[in-house]
Structures are given as C-alpha cells and as structure tokens.
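Mapping to the numbering used here: the sequence shown position 298 is 318, numbers consecutive.
Just so you know, even glycine gets a beta-carbon here, dropped at the ideal spot from N, CA and C.
For reference, the structure is listed below as structure tokens.
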Amino acid sequence: MARSIAGKEPWTVEQSQRTFTNRRTLLKGSAALSGAAVVAAGLAPQTTLAQEAAPSRLAQVLERGRLIVGTGATNPPWHYEDADGQIVGFDIEMAKLLARGLFDLTDEQLANRDEWSQRVEIVEEAADARIPNLLTDKIDIVCQFMTVTPQRALEVEFTIPYYREAVTLLFRADSPYTGTEDITGQGTTIAILENPTAVDMVQRGVADAEVSTFDSVANSVLALDSGRVDATAIDLSTAQYLTTTSPDTYKVGIDSWQPQTYAFAVKPGDQRWLNWVNTALHEYLAGLWFDYYQAAFAEHFGVELEPPPAGFPIEFR
C-alpha cells in the first residue's frame with residue numbers, strides 16, 4: 021500500500037546518546053536519595069528506566085504486521101512511478117527484502133505486488149521530509165538513497181551502507197560539453213537537488229559554476245530539458261539510467277567525483293531495531309541472501325555483481 025503526507029514532491033528533535041547516558045547516570049545516582057524518600061515519606065518506588073522504555077521498533081513492526089517505509093517517487097532508478105502509477109525502484113526492492121526477513125515472504129510473494137504490499141506500506145515523501153517523518157514516527161525507516169553525513173548522524177542513526185555513489189554531470193545529447201574539464205571556465209549554470217552541501221558539491225567538480233537548486237531530481241532534469249541550465253549534477257547511477265533509457269535525449273559526463281555513501285536511517289535510541297536492519301542488510305550484501313541483492317542491482321543499474329568470495333570475510337579485508 022502507499023500513502024502520501026505533507027511534504028510530497030510535485031512529481032508525482034534530536035535525541036542524542038549523551039542525553040540518554042546522562043539520564044541513566046542521573047537515575048542511578050539518585051537511587052539512594054529516592055529510596056530514602058520512599059522510606060521516609062511512604063511514597064511508591066520510582067519506575068525503573070527499563071519499565072519506562074517503549075518496545076523496540078522491531079517488536080512494533082512485527083506486531084503491526086507491516087513495515088512503514090519512507091521513500092521518494094521522482095528519482096529513477098531508486099524510486100519512481102511506473103506506467104501504472106506504482107512506486108518502484110531499487111530502494112523499493114531493498115524495502116521488500118527487509119520485509120522478506122521480517123515476515124518470511126516467499127519468492128512468489130516478493131514477485132507479486134498484491135502480496136508484498138500487504139507487508140510494506142510506502143509513504144511518499146520529499147527529501148527534506150525524511151528526517152522529520154522519522155523522528156515523529158510517521159515511518160519506521162528511511163529507504164530513500166540517503167547520503168550519510170556527520171550532520172545527519174546527529175539526528176538519525178544510519179545503518180551499514182547499501183550503495184556507494186558518486187556525482188557526475190548529465191548533459192543534453194547535443195551539448196558541446198563532455199565533462200567537468202571542458203565545462204569549467206565557460207560561465208555555465210548547473211542544476212542540483214537542494215541539500216545542505218549542494219553548492220559545495222557542484223563546485224568541487226566545476227569550481228566556477230553558477231548553481232541552481234531544485235526540490236527534486238526530476239525538476240533539476242526538467243530544467244536541463246528546457247535549457248534553463250547547461251548541465252545537471254546528478255548521481256552517477258541516475259545519469260546512467262537516464263542515458264540508457266533515453267540515449268537520444270541525454271548523455272552522461274565522462275568523469276565523476278565526490279564518492280558518497282547511501283544507507284537507511286532509523287530513529288535514534290533503538291539499538292535492537294538498528295541491529296536487526298544491519299544484520300539483514302549484511303546478509304543481502306555479503307552473505308546468505310546475496311543473490312537477492314545481486315538480482316536487484318543488475319535490474320536497476322545494469323551491473324552484474326560478483327558473489328563475495330568464500331574464506332576470510334571480504335568486509336574485513
């Protein structure tokens with residue numbers, strides 16, 4: 021099932037560990053005083069921290085019987101609407117794989133949208149709604165090609181990575197430019213998805229570029245289509261997808277820069293939930309369930325991944 025909330029794209033606060041630790045220390049430090057007060061005044065014992073703690077998100081998801089996923093709808097091949105208006109893409113496949121682990125879905129159920137959509141509820145959201153929706157419990161997890169940054173990690177907890185991205189330039193097919201070298205110094209305007217590091221990200225590749233930001237990748241590409249910008253700084257994966265599906269319309273730059281990590285995000289303070297998601301992701305990326313990740317990767321990026329080698333775990337090499 022899918023639903024939208026405030027902040028939907030047209031196409032289509034922080035609980036720190038220090039606060040938690042300080043609170044726990046305060047409770048432990050005041051135990052003797054609290055006990056004395058109880059004896060002296062006949063008050064009821066103070067509720068323990070363990071009793072106050074809410075159930076893990078993992079338990080809530082299992083009891084509910086479905087996973088509520090925040091994602092987008094305008095950024096192929098990650099998340100976009102197909103011809104039937106259904107949100108599909110690599111992020112959706114990854115959410116389905118999490119549901120497989122949570123609810124023991126069969127291959128037949130994963131292949132049937134009517135089946136797996138009973139276990140995965142998709143909440144369509146704009147990029148700037150990802151963290152607020154997570155922190156206000158509108159969603160269980162963000163599966164929306166979210167770049168890991170130290171600033172964001174102050175507000176959310178990131179899982180292990182599930183993709184390594186880079187930035188490249190997308191041009192119109194008839195553009196005289198081929199990459200960062202020949203576009204630099206030409207007084208050009210480059211579009212990019214609005215984010216806190218947008219200007220810096222573009223100018224690391226094209227130092228003198230005028231940067232124009234947009235609320236979605238789709239709108240940044242529309243600006244390219246209309247000639248309002250000379251290029252769009254875009255994820256390499258998205259550029260490859262667009263040039264593969266529309267080779268007469270676009271071409272991808274010959275170089276890329278600024279590698280970045282994509283991970284899922286969960287609400288802080290729930291180690292049980294974070295541990296479970298990390299365990300599931302690890303087994304899809306490098307373990308027992310690698311075949312599922314491999315198939316999704318090939319379908320959406322056109323790249324056939326080599327299976328992880330046996331013997332010493334590759335992630336520790």
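Run of the beta strand (DSSP E) containing residue i, from where it starts to where it stops
i: D255; result: A251 to D255
i: I203; result: No beta strand (DSSP E) holds I203; the alpha helix (DSSP H) holding it covers T200 to I203.
i: F332; result: No beta strand (DSSP E) contains F332, which DSSP labels as neither H nor E.
Outcome for residue i when other beta-carbon atoms lying within 10 angstroms are tallied against a minimum of 16
i: E375; result: No answer is possible for residue 375: it lies beyond the span of the chain, which begins at 21 and ends at 337.
i: P96; result: buried
i: A149; result: buried
i: P327; result: exposed
i: I88; result: buried
i: G92; result: buried
i: F178; result: buried
i: G90; result: buried
Closest Cα partner of residue i within the set the options
i: N340; options: G207, V231 and T209; result: The question about residue 340 has no answer here: the residues shown for the chain are numbered 21 through 337.
i: A283; options: E101, V81, F110 and P75; result: F110
i: A315; options: G205, A227 and K116; result: K116
i: P181; options: A330, V81, P279 and E324; result: P279
i: R248; options: V108, T209 and A131; result: T209
i: Y270; options: N153, F191 and R133; result: F191
i: E175; options: D255, P152 and D245; result: P152
i: F317; options: T188, Q206 and E113; result: E113
i: A306; options: T281, N295, F336 and G322; result: F336
i: G207; options: V226, A119 and D134; result: V226
i: T264; options: R86, V323, Q129 and G331; result: V323
i: A193; options: D250, A103 and D104; result: D250
CB contact check: residue i to chain D, cutoff 8 Å
i: D160; result: Among the chains of the structure shown, chain D does not appear; only one protein chain is present.
Span of the alpha helix (DSSP H), counted from its first residue to its last, around residue i
i: A315; result: F310 to F321
i: V297; result: Q291 to A306
i: G17; result: Missing from the structure shown is residue 17; the chain here goes from 21 to 337 and no further.
### Task
Give a yes or no on contact between the region 257 to 276 and the region 185 to 201, applying the rule of three or more CB pairs nearer than 8 Å.
Verdict: yes, contact present.
### Query
Is it a yes or a no for the region 163 to 171 touching the region 86 to 102, going by three-plus beta-carbon pairs under 8 Å?
yes
### Message
Does the contact criterion of 3 or more C-beta pairs under 8 Å hold for the region 170 to 187 versus the region 236 to 248?
### Response
These segments do not touch.
### Task
Can you check the region 224 to 250 for any beta strand (DSSP E) of at least 3 residues that lies completely inside it and give the ranges in chain order?
230 to 234
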